[in-house]
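Working notes for the structure below.
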C-alpha cells in the first residue's frame, strides 16, 4: 500500500524531530544534516542560499 505524502514526510522527518527532542540544540553540533537545514542560529545567518538571497557575506 503506497504512503500518502504526509506519511512519507512524517517518516522522513521523525528521526530528526526525535533527535532534537532528546538532545536539544546540542543535536545541531552533532548532526551535519540538522545544521544544513538551519537558516539562522543565535542571530547569525547560517544557510548559504539565504546569505546569497539577501546579498550578505557570511561574516556580515
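In the numbering used here, the protein residues as written are 1172 to 1231. Every residue, glycine too, gets a C-beta built ideally from N, C-alpha and C. Just so we're clear, the structure is a prediction, and the values are computed from it rather than from any experiment.
- DSSP places residue 1225 in the coil class of the three-state scheme, outside both helix and strand.
- A distance below 6 Å between beta-carbons, with the five flanking residues on each side excluded, links residue 1226 to no residue of its chain.
- Distance check between residue 1191 and each of 1182, 1202, 1183 and 1211 places 1202 closest, using alpha-carbon atoms only.
- The alpha-carbon of residue 1228 is positioned some 10 Å away from that of residue 1217.
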